[in-house]
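Heads up: the structure comes next, in C-alpha cells.
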Amino acid sequence: MRPFSRTTSARRARTAAAALVALALAAGLGTQATASPSGPPTVQQWEVTGLDSATERTALTRTGTAIDEVRPDSVVITAGDADVRRLRSLGYELSALPGTSAADVRPTAPSDYHTYAATLAEINAVRAQYPSLVTTRVIGRSYQGRDIVAVKVSANAATDEAEPEVLFTHNQHAREHLTVEMALRTLNVLTSGYGSNARITQLLNSREVWIIPSANPDGKVYDQESGSFRSWRKNRQPTPGSSLIGTDLNRNWNYRWGCCGGSSSSPGSETYRGPSAESGTETRVVADFVRGRRVGGVQQITAHIDFHTYGELVLWPYGYTYNRTGPGLTADDAAAFEALGEEMAGSNGYTPQQSSDLYITDGSINDWLWGDQGIFSYTFEMYPRGASGGGFYPPGNVIARETARNDAAVLLLLEYADCVYRITGQEDTYC
Ligand code: LU0
Ligand code: CA
Ligand code: ZN
285 MRPFSRTTSA RRARTAAAAL VALALAAGLG TQATASPSGP PTVQQWEVTG LDSATERTAL
345 TRTGTAIDEV RPDSVVITAG DADVRRLRSL GYELSALPGT SAADVRPTAP SDYHTYAATL
405 AEINAVRAQY PSLVTTRVIG RSYQGRDIVA VKVSANAATD EAEPEVLFTH NQHAREHLTV
465 EMALRTLNVL TSGYGSNARI TQLLNSREVW IIPSANPDGK VYDQESGSFR SWRKNRQPTP
525 GSSLIGTDLN RNWNYRWGCC GGSSSSPGSE TYRGPSAESG TETRVVADFV RGRRVGGVQQ
585 ITAHIDFHTY GELVLWPYGY TYNRTGPGLT ADDAAAFEAL GEEMAGSNGY TPQQSSDLYI
645 TDGSINDWLW GDQGIFSYTF EMYPRGASGG GFYPPGNVIA RETARNDAAV LLLLEYADCV
705 YRITGQEDTY C
C-alpha cells in the first residue's frame, strides 16, 4: 500500500486526465520540444513521485517519457520545461533533482570519456599490438556516415573458426558513454590476458568474441562534442515528414515492434520507435551483422550483453510482456536466463530481474536477439545505481573501477557460451 494519500489523489488526477495522454502523444513529448517562452530550455532530471509498480511506470512511459531510474516509490526522468508542464497537466507530481542540469554535470568533462575518434584509435592500437588476436570490420555506416565497427577477439582472429560466438554491443543510447569505456575495457582485458591468464587463454582458444563499441556513433558525437553534454538518447536520423530528429534504437528492433505500449509513435518522444522496424540506419547495420553470423542456417552467436547506463541491473527478456514465458521462451529458457543472469549479478553486485519488472519495452534488442535469433541476450545497466552517483555522466575517475567491475560477468558469459543450459543442468536436453 502507498503511504501518502496525496499520491492516491495524484493517481486519481492521472486517471481523470487519461484522455489527455493522446493529446500529449500527438504533441510529441521529448526533450527536444522544450523551448520555453521565458528563456532557454532547461533539460534536467526530475523525480516523478507516487509510482511503485511496473504497470504505473509503463503508464508513464505511454506518455512518451523515457525512465532513467526506477526507485521503490518513484522514478527519475530527464525532461525539459515543456515536458514538465505537460506531465503536471496529466496529474503527475514532479520535483527537480538538484545538480542534474547540463551545467551541473560539467564537472564531468566530456573529455573524461573517449570520443568516438579516440575509441577507434585505441581499437586500432590494440589490433596493431595483437594482430593474431584482433581483427576489425566496418559492418556499416551510421546515418551521418560514421563507421560502425565490430572488433573480433579470438585466437586466429583472421579465420572464421567453428567456435561459439559472443556479442557485446554498446552505446545504443547516445549519452551512455560509460558503455564505450566498457567495450575498451573488455578488449584490453581479453588481449592482455591471452597467454598470461590461463582462463582467458582457454576462452579465446575456444570462443569468438565480437565487440561493437558504439552502435550509435552519431548520437555519441552529438552528445559529447559540443563542449558540454546534451543528454541526448536517440540516433541523429531525421524522421521523414517531420522536422524532428532521432529514433530510440532500443525500440526499433524487429520483434513485436510497437506491439505493446512500450515505445512511442511520436517522433518527438525519447522512446520514438521509428516509422518501421529497423528504420534506424544503425539498427539495420547491427541486425544485418547478426543475421550474417548464421552459418549453414545455424546462428553462431549464442550469448550477448547490450551495455547501457544506469541502474546497476542485469536484465533479460521478454521486455514486451510481464509474463515470465512467451512464444519461443519456455520455462526452461526462462530458468536458464535467470540462473545465468543471477550468477552474473552475483559477480558484479547488480540487481537481476526480467526487463519488464522495470516497465514494458517493445522493439528492444534483447527481445529481437532472443525471439528472432535464439541468442541468450542480456542488458546490463551499469553504474551508478542512482542519480546521485552522476546519472548518465559519472565522474571520469570511476571509469576504471566500474568497467573492471564487469570483468567476471563477461568471462562467465564466455564460459557458458558453448551451452547456456549447462547452468541449469539441462545440457543433455538442449546442447
Ligand atoms: O531502453 C531502455 O529503456 C533501458 C531499459 C530496457 C533495456 C529495459 N533503459 S535506459 O534507456 O535508461 N538505458
Ligand atoms: Ca578462433
Ligand atoms: Zn540505455
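The opening residue of the sequence shown carries number 285 in the numbering used here; numbering runs sequentially from there. For every residue, glycine included, the Cβ atom is placed at its ideal position computed from N, Cα and C. Computed from a prediction, not measured in an experiment: that's the story for all the values here.
Applying the 10 Å Cβ sphere with the 16-neighbour rule, what's the burial state of residue i?
i, result
"Val574", "buried"
"Tyr705", "buried"
"Asp502", "buried"
"Ala482", "exposed"
"Asn607", "exposed"
"Val435", "buried"
"Pro668", "buried"
"Ala412", "exposed"
"Tyr714", "exposed"
"Arg557", "buried"
Return the residue from the list the options that minimises the CA-CA distance to residue i.
i, options, result
"Pro636", "Thr663, Gly647 and His588", "Thr663"
"Leu335", "Thr419, Leu624, Leu462 and Leu642", "Leu642"
"Ala571", "Ile496, Lys504 and Ser510", "Ile496"
"Leu597", "Gly511, Arg578, Thr349 and Glu627", "Glu627"
"Gly530", "Asn500, Trp541 and Ile683", "Asn500"
"Gly383", "Trp330, Asp367, Leu371 and Ile351", "Trp330"
"Tyr700", "Tyr478, Arg491, Ala343 and Ala446", "Arg491"
"Ser639", "Val354, Gly612 and Trp600", "Trp600"
"His454", "Asn440, Glu447, Thr470 and Asp444", "Thr470"
Indicate the three-state DSSP secondary structure (helix, strand or coil) for residue i in the structure shown.
i, result
"Asp444", "coil"
"Gly655", "helix"
"Gln638", "strand"
"Glu699", "helix"
"Ile707", "helix"
"Val327", "coil"
"Pro522", "strand"
"Tyr506", "helix"
"Leu378", "strand"
"Leu528", "coil"
"Thr399", "coil"
"Thr318", "Residue placement at Thr318 is flagged as unreliable, the pLDDT there being 38, under the threshold of 50; a coordinate-derived value is accordingly withheld."
"Leu335", "coil"
With a threshold of 6 Å, establish whether the CB of residue i neighbours any heavy atom of ligand 1.
i, result
"Thr713", "no"
"His461", "no"
"Thr663", "yes"
"Gly552", "no"
"Ser547", "no"
"Gly603", "yes"
"Ser373", "no"
"His588", "no"
Specify, as a first and last residue, the run of the beta strand (DSSP E) that residue i falls within.
i, result
"Arg425", "Val418 to Arg425"
"Ser490", "It is not in any beta strand (DSSP E) - Ser490 instead sits in the alpha helix (DSSP H) that spans Ala482 to Ser490."
"Val389", "That residue, Val389, is in no beta strand (DSSP E); it is neither H nor E in DSSP."
"Ala623", "Per DSSP, Ala623 belongs to no beta strand (DSSP E); it is in the alpha helix (DSSP H), Ala615 to Asn632."
"Phe452", "Glu449 to His454"
"Asp357", "Where Asp357 is concerned, there is no enclosing beta strand (DSSP E), given that its DSSP letter is neither H nor E."
"Tyr606", "Premise fails: Tyr606 is in no beta strand (DSSP E) and is neither H nor E."
"Ser672", "Run containing Ser672: none; DSSP gives neither H nor E here."
Go to residue i, then tell me how far its alpha helix (DSSP H) extends in each direction, as first and last residue.
i, result
"Phe591", "Not the alpha helix (DSSP H): Phe591 falls in the beta strand (DSSP E), residues Ile585 to Thr593."
"Ile644", "Element bounds for Ile644: n/a, residue is neither H nor E."
"Glu340", "Ala338 to Thr345"
"Asp367", "Asp365 to Ser373"
Check whether the Cβ of residue i sits closer than 6 Å to any heavy atom of ligand 3, and report yes or no.
i, result
"His457", "yes"
"Glu353", "no"
"His454", "no"
"His398", "no"
Please indicate yes or no: does the CB of residue i lie closer than 6 Å to some heavy atom of ligand 2?
i, result
"Ala499", "no"
"Asn760", "As shown, the chain starts at 285 and ends at 715. That puts residue 760 outside it, with no answer to give."
"Asn440", "yes"
"Glu449", "no"
"Glu445", "yes"
"Glu465", "no"
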